[in-house]
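A.B. asks: The sequence shown stops at residue 400 when you use the working numbering, and every number in between is there.
Backbone N, C-alpha and C define an ideal beta-carbon position, used for all residues, glycine too.
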Amino acid sequence: MARRGLEDYRAKRNFECTREPAGAAGVGGDACSEQLRFVIQKHAASSLHYDLRLEVDGVLASWAVPKGPSTDPREKRLAIQVEDHPIEYGGFEGVIARGNYGAGAVIIWDAGTYESLSEGETMAQSLERGHVSVRLAGSKLRGGYTLQRTGGGERPRWLLIKRRDAGADARRNPVASQPESVLSGLTVEDVAAERKP
Ligand code: MN
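Right, here's the structure in full:
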């Protein structure tokens, strides 16, 4: 079971060498924002993947989704839970320099707010139980998604599945048709080449 908090995140990075944020001392997040945020970063690391991050208790609970999210409820996408990331990481778009953990270009592929659909339990409890159900309000993804844990270990495996609602559309394939950043309009290839918006 992945531990809550940023110790694992920091242990993997040398902040003298990477432009990724270190995360504020302590947790607690932004006390002024009431809406919980989510972000999906497209990350052209040694293998391309999409990092789904949900704000939970002042950090970003995180999964690496190799194929990215689908809008088709029949598709089950593998999502590997990784270490919690600092809230500020959700705003990171740029290049992680060669030689560092996760080296490669990162863009903010989608971002917005979410709410839990699991009534009567906290997100922390949903994560512990291995069943998370959320409604996303992003630019590319909208509506319900379920995350179901299927395996344990240091990097637990989950499945990410679109729920059947108005946001579901088997014909859409935003991973292919909308590859650009919602922040800058750049693709990971643009960012890797240091092109500017
Ligand atoms: Mn990643």
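Roughly how many whole angstroms lie between the Cα atoms of Leu281 and Cys220?
C.D. replies: 31 Å
A.B. asks: Taking the alpha carbon of Ile364 as the point to measure from, which residue in Arg338, Phe295 and Pro400 has its own alpha carbon closest?
C.D. replies: Arg338
A.B. asks: Determine, using beta-carbon pairs with one atom in the stretch 300-318 and one in the stretch 236-249, whether at least three such pairs fall under 8 Å.
C.D. replies: yes
A.B. asks: Which residues are close to the ligand MN, meaning CB closer than 7 Å to any heavy atom, in chain order?
C.D. replies: Near the ligand MN, residues with a Cβ at less than 7 Å from any of the ligand's heavy atoms are Gln244, His246, Ala248, His252, Asp254, Ala267 and Gly305; the list follows chain order.
A.B. asks: If you check the beta carbons only, do Ala247 and Gly307 fall under 8 Å apart?
C.D. replies: yes
A.B. asks: Would you decide whether Asn267 is buried or exposed? Buried here means 16 or more other CB atoms lie within 10 Å of its CB.
C.D. replies: Note that residue 267 corresponds to Ala in the displayed sequence, not to Asn. Ala267 is buried by the Cβ-count criterion.
A.B. asks: For a test of the three-state rule: what should DSSP assign to Val385, helix, strand or coil?
C.D. replies: coil
A.B. asks: Once DSSP output is grouped into helix, strand and coil, what is the label at Arg240?
C.D. replies: strand
A.B. asks: Sort out for me which residues DSSP pairs Gln328 with in a bridge.
C.D. replies: According to DSSP, Gln328 bridges with nothing at all.
A.B. asks: Select from Asp275, Glu258 and Glu223 the residue whose C-alpha is nearest the C-alpha of Arg374.
C.D. replies: Comparing Cα-Cα distances from Arg374 to each of Asp275, Glu258 and Glu223, the minimum goes to Asp275.
A.B. asks: Assuming Leu209 and Val262 are in contact, meaning their beta carbons sit under 8 Å apart, how far apart are those beta carbons, in whole angstroms?
C.D. replies: 6 Å
A.B. asks: For Ser336, which beta-bridge partners are listed by DSSP?
C.D. replies: Thr349
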